[in-house]
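**Q** Dropping the structure in here first, questions after.
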Amino acid sequence: MEVFDRTQLKKLYRPESDSSNEDNGQVTIIGGSKLFHGAPLLSLKIASRIVDMVFFASPEPSLESIVQKLKSKLFSFIWIPWEDVDAYIEKSDAVLIGPGMMRYRSEKREVIRDMKDKGFNKKNLSLITYYLSRNKNLDLEGKKTREITKRLLTKFPYKRWVIDAGSLQVMELEWIPKCAIITPNEKEYEMLFKGKIPQKVHASQSMKSKRDDETGVASLPVSSNVERMAKKYKCVIVAKGPETIVCSAEKCMLVKGGNAGLTKGGSGDILAGLTVALLAKNDPFFAVCSASYIVKAAADELYKKVGTNYNADDLAERIPEILHGLLKTAL
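Residue numbers (the UniProt record's numbering): 1 to 331.
Shown next as structure tokens:
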């Protein structure tokens, strides 16, 4: 498997000296909830450093007052009313959905899938599904996220999508638009694709079968599950980990680097925000490989100064400088 390196960054889109407003990308970020209002703000923070215009919409009305208080001091974006979200998706070059959106607190989806796997008949499944849907204590917010995710992904299948966090945990595979970028962590990957993300990959061995130490039975190549799902659903999957695997329907790439500081909350929101910003003017596979490499490089520079004692805000502040340096040395 090919390993991504900094020289490939020279292919990234760069604004022309005579470019004007909106020439260099517009993106819409959809996210946030009563519980998680910080996640989309991290995505906004980094995306606004890359593209000309960032639009932010949230299905949570109370988020507007928080955003307006923070906007002038910390961020450069345009808040849009929820009823106008469709129009802004249409005019955007790329869209991110999911950061901070509520997911199912119970494992309802997993329960139903397990029952299907165990051979429950349709009558029993429908009764149990009906009971779960009637339980008012069973995360109505998760249901709301699911409905929003389904409506937008199926209404705008031709747009460039990055699907992250809450949306990943409540969606169905059939909703994935062609060439969409999926950015799951280990738990989200298992929920969506019913497989595991490899924790360690060696470029020279990644496409070879491994033998299970306990059973003695040869398993599939460590990247094969990610590659197979990317081909099946014609999307780009980012299997995040110590060594990140990025697979499209045509190829896979290994992105090395990073450190344990990236396990902190918000790092994924930074990656999603940078990915959607680069996606506005670059190929999906290349955009997310570049974003992953840049985030890891920023994390490694922070590690040299403070070890793992940094957070997602530190990453967002460091990335523009790191990206500038990487682009200079990539030429």
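Every residue gets a Cβ at the ideal spot worked out from N, C-alpha and C, and that includes glycine.
Who are the near neighbours of L323 in its chain, counting only those whose CB is closer than 7 Å to its CB and skipping five residues on each side?
**A** Excluding positions up to five away in sequence, the list reads I294.
**Q** So, A299 versus G265, is the Cβ gap smaller than 9 Å?
**A** Taking 9 Å as the Cβ cut-off, A299 and G265 do not qualify as a contacting pair.
**Q** Can you name, in chain order, every residue of its own chain whose Cβ lies under 7 Å from the Cβ of T308, other than the five neighbours on each side?
**A** Same-chain partners within the cutoff: N259, A260, G261.
**Q** Anyone know if the C-beta pair for L9 and L315 falls short of 9 Å?
**A** Cβ distance not < 9 Å, so L9 and L315 don't count as in contact.
**Q** Among P99, K159, W82, I50, whose alpha-carbon lies nearest the alpha-carbon of K91?
**A** Closest by alpha carbon: K159.
**Q** So M191 is in the alpha helix (DSSP H); what residue range does that whole segment cover?
**A** Element bounds for M191: 186-193.
**Q** Tell me which residues share the same chain as L173 and place their Cβ nearer than 7 Å to its Cβ, disregarding the 5 neighbours each side in the sequence.
**A** Here the set comprises L192, Y233.
**Q** Buried or exposed, going by whether 16 or more other CB atoms sit within 10 Å of the CB of P61?
**A** Exposed: under 16 other Cβ atoms inside 10 Å.
**Q** Secondary structure at T275, three-state DSSP: helix, strand or coil?
**A** T275: helix per DSSP, three-state reduction.
**Q** Can you tell me whether DSSP reads I80 as helix, strand or coil?
**A** Coil, per DSSP.
**Q** What residue from R228, A291, T149 has the CA that sits closest to S43's CA?
**A** Per the Cα distances, A291.
**Q** Skipping 5 residues on each side, what residues in its chain have a beta carbon closer than 7 Å to that of K11?
**A** Excluding sequence neighbours, K11 sits near F286.
**Q** Specify the secondary structure class of V85 as computed by DSSP and reduced to three states.
**A** Helix, per DSSP.
**Q** What does the alpha-carbon distance come out to for the pair residue 344 and S76?
**A** In this structure the chain extends from 1 to 331, so residue 344 is not present and cannot be described.
**Q** Classify M1 as helix, strand or coil using the three-state DSSP reduction.
**A** M1: coil per DSSP, three-state reduction.
**Q** Please say whether G142 and M102 have beta carbons closer to each other than 9 Å?
**A** Going by C-beta atoms, M102 is nearer than 9 Å to G142.
**Q** Taking the CB atoms as reference points, tell me whether V236 and V288 lie closer together than 9 Å.
**A** Yes.
**Q** Could you give the distance in angstroms between the alpha-carbon of D5 and the alpha-carbon of D283?
**A** Computed Cα separation, rounded: 17 Å.
**Q** Could you tell me the distance, in whole angstroms, from the CA atom of T244 to the CA atom of A330?
**A** Distance between the alpha carbons of T244 and A330 is about 21 Å.
**Q** In the DSSP assignment, find the unbroken beta strand (DSSP E) run with Q26 in it and report its ends.
**A** Residues 26-30.
**Q** Indicate the three-state DSSP secondary structure (helix, strand or coil) for V246 in the structure shown.
**A** DSSP places V246 in strand when its eight states are reduced to three.
**Q** So, at 6 Å on beta carbons, what are the nonlocal neighbours of F56 in its own chain, with the 5 sequence-adjacent residues on each side left out?
**A** So the qualifying residues of the chain are I29, L44, F77, W79.
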